[in-house]
Amino acid sequence: MTMTRGADRTKSRASAVLWGVLGIVVLAVLWEGYKAVGPVAGVELFGTSILPKTDDRSMPHLVDMLTRAIEPVNTSAGSPPVWVAVIGAALNSLGVAAVGWAVGSVVGFLIALLMQRLHVAERAVLPWLILSQTVPLIALAPVIVAWGGKIQIGAFSWDRWMSVAVIASYLAFFPVAVGALRGLQSPDAIHVELMRTYNAGWFRTLLKLRLPASVPYLLPALRLGAASAIVGTVVAEVSTGYKGGIGRMIIEFAQSGTSDPAKAYAPIAGAVVLGLVSAAIVALIGLSLKRFNRQEAAS
Amino acid sequence: MTDTALNALPAISVRSAGKIFSVARGAEVQALTGIDLTVAPGEFVSLIGPSGCGKSTLLRLIADLDSATSGEILVFGKTARQARLDQEYGIAFQSAGLLPWRSVQANIELPLELHGVGKAERAARAEELIELVGLSDFRTRYPDQLSGGMQQRVAIARSLAERPKLLLMDEPFGALDEMTRERMQQELVRICSETGAAVVFVTHSIPEAVFLSDRVVVMSPRPGRIVDIVSVNLGPGTERSDALRENAAFFAGVTAVREALHGSPVAPLGADLR
Ligand SMILES: Nc1ncnc2c1ncn2[C@@H]1O[C@H](COP(=O)(O)OP(=O)(O)O)[C@@H](O)[C@H]1O
Ligand SMILES: [Mg+2]
């Protein structure tokens, strides 16, 4: 029984990889195909461009992007290859995003716990949570940087990366709060009543019933939170002026676009890979909680 | 019943209990009215009646999962609430309600774990109970690897974990097929005789009630009340085994319960009870 289930899972994982590879191939074919047959000046309708230009400056060949990625960043002596610089920047961003994700997840979980415990809190807090996600990041960044700049406690002083991490956590906490709340509320009435017959209080019910039951909801929420933290980090790097991360690199390389168009695509690809890596890390964490992912048996 | 049992406190004593549910905007549902019932220690009592006659509600009042709006409910001489706090009863529902992330053994150990029983003692008790319900080969399995009948056995074992002198069961075999059901009834008879616990058993099935019970409480709806209590007299020394199902005393019991159900003036619903 478990064996067939394991085999099924391996099969579905293999097909997921296959679909992923197929998607990349389709994208590449579309890119090169359009570049080959599309009009050089692009397509304009009533003065707005609806299809991009296909010249080498607007749409470099994939081969050019790849070769550019292994060449040095610039002409100065000792300049590392682009891909090495991209990995360095991506790791830098990953570190900041990880801090943001961890803080955001803890805060999100605590908010969910509060909402589960007090129904009043659920009604009072949930609308604010949703509202919080409609505030544009661009508006938020300067405020956080300004407030952060005022913080100085003994040897501790606010650093720019912390502003980035705060913004990342601001995006990450939301899916975690919503997912954790759904998970904590997921046990059936029969299970909750059973705990009542055992005279188990709120905390014991949380420990033995609600927490384990929330795992299947929590894992996707944490994955979503990780993706949000990455997006938040990339955008916040730009709007807070933090140097060294992948977001900043995307902007810098794009600015050299006219003379060196193929260079800009390496950090973009790096950001995509970063998102995948973060999802994979969370999935690894999820593996350790596998037994809680069992579904209720249908009798 | 033995003399000591007669002298002891009743397992359950319900005195003119009633339950009114307030539903939306001032509307009320009278779920139970004027319920009087005494269950002796070790006695097996079934509650039978059409849907909505308040069987589950009565069981929930005894379990202190709901509170009565009138009357008095005592369990071993204590209030229902105190009896729940003191873990005087074990309970099983129609759906087994096992925790899917816990193995058979861990599910049975749950109440013991919650009450601070040590690991070794827990394991020993679980072992006994697994033996009792005949699941020795399935100790480390998870609920999704068990059939419905096996899950229900685990649920029964779990309800027995604290050695309660009272078992409350709400249609525990209701979702099982007829053959599994008869086998489970047989097992329940054996388990009860081994543990000596009193049982309140909710069911829709007349044969099931008669097969299992010392007394069958017949209820009728709108408002939920007791219309008759049928004593099942199988004659001295009659064993509750499969042979009983073809016994004249058994048929007499079935007929008596059926007549009590049909005979109730406001409930000509007995025909499609099952
Ligand atoms: N929580 C509740 N709120 C309102 N009405 C309820 C509630 N629980 C039960 N009732 C009503 O009480 C009556 C008895 O229900 P129940 O005890 O479940 O019947 P049975 O178990 O005999 O089928 C029904 O009319 C039902 O609608
Ligand atoms: Mg019911």
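Protein chains in written order, with the working numbering: chain A, 2 to 300; chain B, 2 to 275. For each residue, glycine too, the CB sits at the ideal point set by N, CA and C.
heavy atom of ligand 3 below 7 Å from residue i C-beta
| i | result |
| --- | --- |
| Thr198(A) | No copy of ligand 3 appears in this structure; the ligands present are ligand 1 and ligand 2. |
Test item: CB-CB of residue i and residue j under 8 Å
| i | j | result |
| --- | --- | --- |
| Lys54(A) | Val74(A) | no |
| Val232(A) | Leu172(A) | yes |
| Ala64(B) | Ile92(B) | yes |
| Tyr143(B) | Arg295(A) | yes |
| Val200(B) | Met170(B) | yes |
| Trp148(A) | Tyr243(A) | no |
| Ile247(A) | Ser94(A) | yes |
| Ala281(A) | Ala237(A) | no |
| Ser194(B) | Phe202(B) | no |
| Gly184(A) | Gly105(A) | no |
| Leu52(A) | Gly39(A) | yes |
| Leu136(B) | Arg154(B) | yes |
Cutoff 8 Å: residue i Cβ touching any chain A Cβ
| i | result |
| --- | --- |
| Ser96(B) | yes |
| Arg126(B) | no |
| Leu60(B) | no |
| Ile92(B) | yes |
| Pro101(B) | yes |
| Leu115(B) | yes |
| Gln106(B) | no |
| Leu111(B) | yes |
| Leu167(B) | no |
| Ala198(B) | no |
| Asp138(B) | no |
Bridge partners - residue i, DSSP secondary structure assignment
| i | result |
| --- | --- |
| Pro73(A) | Pro82(A) |
| Tyr35(A) | The partner list for Tyr35(A) (beta bridge, DSSP) is empty, contrary to what the question assumes. |
| Lys20(B) | Leu33(B) |
| Glu73(B) | Arg16(B) |
| Val104(A) | DSSP, once it has assigned bridges, lists no residue as partnering Val104(A). |
| Ser158(A) | Gln153(A) |
| Ser1(A) | The structure shown does not extend to residue 1(A), since chain A is modelled only from 2 through 300, so no value can be given for it. |
| Arg61(B) | Arg61(B) is not bridged to any residue. |
| Ser221(B) | Arg226(B) |
| Leu38(B) | Val15(B) |
Counted within 10 angstroms of its Cβ, other Cβ atoms place residue i as buried (16 or more) or exposed
| i | result |
| --- | --- |
| Pro213(A) | buried |
| Glu129(B) | exposed |
| Leu31(A) | exposed |
| Leu111(B) | buried |
| Ser206(B) | buried |
| Ala140(A) | exposed |
| Ala97(B) | buried |
| Glu89(B) | buried |
| Ser17(B) | exposed |
| Ala12(B) | buried |
| Gly271(B) | Legend: pLDDT at Gly271(B) = 44, less than 50; position of this residue unreliable, value from coordinates given subsequently. Its Cβ being crowded by 16 or more others within 10 Å, Gly271(B) is buried. |
| His192(A) | buried |
| Pro81(A) | exposed |
| Arg211(A) | buried |
Test: residue i CB closer than 8 Å to a CB of chain B
| i | result |
| --- | --- |
| Pro213(A) | yes |
| Leu195(A) | yes |
| Tyr35(A) | no |
| Tyr171(A) | no |
| Ser300(A) | With a pLDDT of 40 at Ser300(A), under the threshold of 50, the modelled position of this residue cannot be trusted, and the question is left open. |
| Met2(A) | Legend: pLDDT at Met2(A) = 45, less than 50; position of this residue unreliable, value from coordinates given subsequently. Chain B, which has a Cβ nearer than 8 Å to the Cβ of Met2(A), makes this yes. |
| Arg295(A) | yes |
| Ala201(A) | yes |
| Ile286(A) | no |
| Arg183(A) | no |
| Ile154(A) | no |
| Arg205(A) | yes |
| Arg317(A) | Since the first and last residues shown for chain A are 2 and 300, residue 317(A) lies out of range. |
| His62(A) | no |
Element boundaries [beta strand (DSSP E), containing residue i]
| i | result |
| --- | --- |
| Gly91(B) | 90-93 |
| Phe204(A) | Per DSSP, Phe204(A) belongs to no beta strand (DSSP E); it is in the alpha helix (DSSP H), 203-206. |
| Glu45(A) | 44-46 |
| Val46(B) | 45-49 |
| Leu168(B) | 167-171 |
| Ala276(B) | Past the edges of chain B, shown from 2 to 275, lies residue 276(B), and the structure says nothing about it. |
Where the alpha helix (DSSP H) through residue i begins and ends
| i | result |
| --- | --- |
| Val228(B) | Careful: Val228(B) lies outside any alpha helix (DSSP H), inside the beta strand (DSSP E) at 226-232. |
| Ser133(A) | 120-133 |
| Arg224(A) | 212-241 |
| Leu275(A) | 266-288 |
| Met151(B) | 149-160 |
| Thr256(B) | 249-264 |
| Met185(B) | 179-196 |
| Gly248(A) | 247-256 |
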